[in-house]
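Data block below; observations after.
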Amino acid sequence: MAEQDKVILHGMWASPYAKRVELALNFKGIPYEYVEEDLRNKSELLLKYNPVHKKVPVLVHNGKAIAESMVILEYIDETWKDGPKLLPSDSYRRAQARFWSSFIQDQLMEASFLVVKTDGEAQQKAVEQVYEKLNVVEDGMKSYLAERNASTESNFGIVEIVFCALFGPYKAHEEVLGMKFIVPEKFPLLFSWLMAIVEVEAVKKATPPHEKTVGILQLFRQSALKSSAAA
Amino acid sequence: MGDVKLHGFWYSPFALRVKWALELKGIPYENIEEDRYNKSPELLEYNPVFKKVPVLVHAGKPICESMLIIEYIDELWPQNPLLPLHPYHKALARFWVNYSDENLSSGVRALFRSKDVEERKKNIEKLWEHFRVVEDHCFGKEEKLLGGDTINVVELAFGSIIKYVTVLEDMFEVEVLEAQKFPRLYSWFNNFKTEPIIAPNLPDQEKMLAFLKSLRARLLASS
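Here you go:
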């Protein structure tokens, strides 16, 4: 599977969905070409490769396109079988990994974005919502991580990837929002877990410069606040 | 292998797809009918996060979320595979199940809860948009995800939710899956519901209609 493999990732540097795929490719040591998409002016290729959703990320492997970040992660794990695995080998553990990745995606992505897009009372409410969901994850990770068998399961898998893509930019969140999502006193396990995750080589390699992340977060927040004020 | 129990509602499309998966693979299981107004302590213990059906319990260990259950079943009981074997086709299958879960299911739910004819019309049009995507992009490819040689998970996903749509068609006396608009999807579904394992495992249309009518009345009264 080495020399003749051509892997292209269509992504956007600030998209947490595209970030997941970057992290996976980095972690597995898979060489790839990266195509930065302008989401306001999507390339012909992107529209051809993902006609249904027209979104990033899209992975193109030897000309075949795969869309949807979680689908891509599973594809990567099944196709490049050498080296560390993104999913556990045990079927029950796999189900748990998929469950928690889904939970973080479905319950925390939009909820966290809402915190960025609001202020005042609305933001307070949004923060409470996020904390409520984080409590569930804190609880869930207690058993999920404790039951991990270090000899058969890597300590960087799909759950880490999804969590990291969302909460990894914690320094930027703190600077722009003046608050933490992963409050150490409230979520001690998640906090120590996150601190370990951001030290993983694959993650460091995929972390953009702090100022750049702060910049785009500011932009995102300002434009959301402006449009809701105008509404 | 350990015993298998399925906690579900007879009218839930998500429990239905798991039931189909178990039946297609010939896996013996105990069906536990839950009452949405009086969920069993076991269900609440097995699915503390969402408290929903379906939940599969295998040798005492619970798995939640219909697609996760089906992937689990497919891995442990490899006969009559429900997911394609090749990673690329598998990825396509997962993509379309996601499409069904994120778009069709929520569209159907919105239609079910429509308060008046105006809202109903809008929700039908939204559903048509999704049917259009499936009609245009899910057929006529080398990877036959719909109408191939053997039943696969994409068909279980679409089949279970479209069955629900046919009951809503009866309830609202309106055609949603129109043969003229969506010929391939229409003919695929009408063939699918006659398949050997599927046909005897379809919830009764009249029974479902009566139940959903009363459920809808209850939901609209309380909102």
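Heads up: the sequence lines are chains U and W, in that order.
Residue numbers are given in the UniProt record's numbering: position 158 of the first sequence equals residue 158, and the series is strictly consecutive.
Residue numbers are given in the UniProt record's numbering: position 101 of the second sequence equals residue 101, and the series is strictly consecutive.
Don't be surprised by glycine CBs; every beta carbon is placed ideally from N, CA and C.
Quick caveat, the model's predicted, so the values are computed rather than measured.
1) How would you call W:Ala93, buried or exposed, if buried means at least 16 neighbouring beta carbons within 10 angstroms?
2) Closer than 8 Å is the cut-off here; do at least three beta carbon pairs connect the region 79 to 95 of chain U with the region 71 to 78 of chain W?
3) Buried or exposed: which applies to W:Thr194, given that a residue is buried once 16 or more other Cβ atoms fall within 10 Å of its Cβ?
4) What does W:His7 touch in chain U if you count any residue whose Cβ is under 9 Å from its own?
5) Which of the three DSSP states, helix, strand or coil, is assigned to U:Tyr34?
6) Short check: CB of U:Glu68 to CB of W:Asn98, under 8 Å?
7) Can you tell me whether U:Lys226 is buried or exposed, with buried defined as 16 or more other CB within 10 angstroms of its CB?
8) Buried or exposed: which applies to U:Glu128, given that a residue is buried once 16 or more other Cβ atoms fall within 10 Å of its Cβ?
9) Just curious, the alpha helix (DSSP H) that U:Glu121 is in, first and last residue?
10) Would you say W:Phe211 reaches chain U, if we count a Cβ-Cβ gap shorter than 8 Å as a contact?
11) By Cβ distance below 7 Å, which residues in the same chain neighbour U:Val130 in space, the five residues on each side in sequence not counted?
12) Which chain W residues are close to U:Thr152, counting only those with a beta carbon under 9 Å from its beta carbon?
13) Can you pull the DSSP bridge partners for U:Gly11?
14) Quick one, are the C-beta atoms of W:Glu155 and W:His89 less than 8 Å apart?
15) What does W:His58 pair with, by DSSP beta-bridge criteria?
16) Is W:Val153 near W:Leu76, with beta carbons less than 8 Å apart?
17) What are the boundary residues of the alpha helix (DSSP H) that W:Ala217 is part of?
18) What is the rounded straight-line gap between the Cα of U:Gly215 and the Cα of U:Trp80?
19) CB W:Pro54 to CB W:Phe112, shorter than 8 Å?
20) So which of U:Ser223, U:Glu211, U:Ala224 and U:Ala206 has the shortest CA-CA distance to U:Val21?
21) For U:Thr152, count neighbouring C-beta atoms within 10 Å of its own C-beta (all shown protein chains included) and say buried if the count is 16 or more, exposed if not.
22) Quick one: Cα of W:Glu173 to Cα of W:Asp204, how far?
23) Could you name the residues of the same chain whose beta carbon sits closer than 6 Å to that of U:Met1, not counting the 5 residues immediately before and after it, in chain order?
On the basis of the coordinates in this document:
1) Within 10 angstroms of the beta-carbon of W:Ala93 lie 16 or more other beta-carbons, which makes it buried.
2) Enough Cβ pairs lie closer than 8 Å, so yes.
3) Burial check for W:Thr194: the Cβ neighbour count within 10 Å stays below 16, so the residue is exposed.
4) The premise fails here: W:His7 is roughly 15 Å from chain U at the closest Cβ pair, so nothing lies under 9 Å.
5) For U:Tyr34, the three-state secondary structure derived from DSSP is strand.
6) In terms of Cβ geometry, U:Glu68 and W:Asn98 form a close pair [threshold 8 Å].
7) Using a 10 angstroms sphere on the CB of U:Lys226, the tally of other CB atoms stays under 16, which defines it as exposed.
8) Classification of U:Glu128: exposed, given that the 10 Å Cβ count is below 16.
9) In the DSSP assignment, U:Glu121 falls within the alpha helix (DSSP H) that extends over Gly120 to Ala146.
10) At a cut-off of 8 Å between beta-carbon atoms, W:Phe211 makes no contact with chain U.
11) Counting only Cβ-Cβ distances below 7 Å, and skipping sequence neighbours, we find Leu108, Ala111, Ser112, Val115 and Phe181.
12) Simply none; closest approach about 15 Å.
13) Answer is U:Glu36.
14) Contact flag unset, no.
15) Per DSSP, W:Val4 and W:Lys61.
16) No, the pair does not count as a contact, with Cβ atoms beyond the cut-off.
17) Judged by DSSP secondary structure, W:Ala217 falls within the alpha helix (DSSP H) whose first and last residues are Gln205 to Ser222.
18) Distance between the alpha carbons of U:Gly215 and U:Trp80: 36 Å.
19) Against a cut-off of 8 Å, the Cβ pair of W:Phe112 and W:Pro54 comes out as no contact.
20) Looking at the Cα atoms, U:Ala206 is the closest of the given residues.
21) U:Thr152 is classed as exposed because its beta carbon has fewer than 16 other beta carbons within 10 Å across all chains shown.
22) Each residue's alpha carbon lies about 18 Å from the other.
23) Confidence in U:Met1 is poor, its pLDDT being 47 and thus under 50, which makes the residue's placement unreliable; the coordinate value appears in the next sentence. Short of 6 Å from the beta carbon of U:Met1, and not among the five residues preceding or following it, lies no beta carbon of its own chain.
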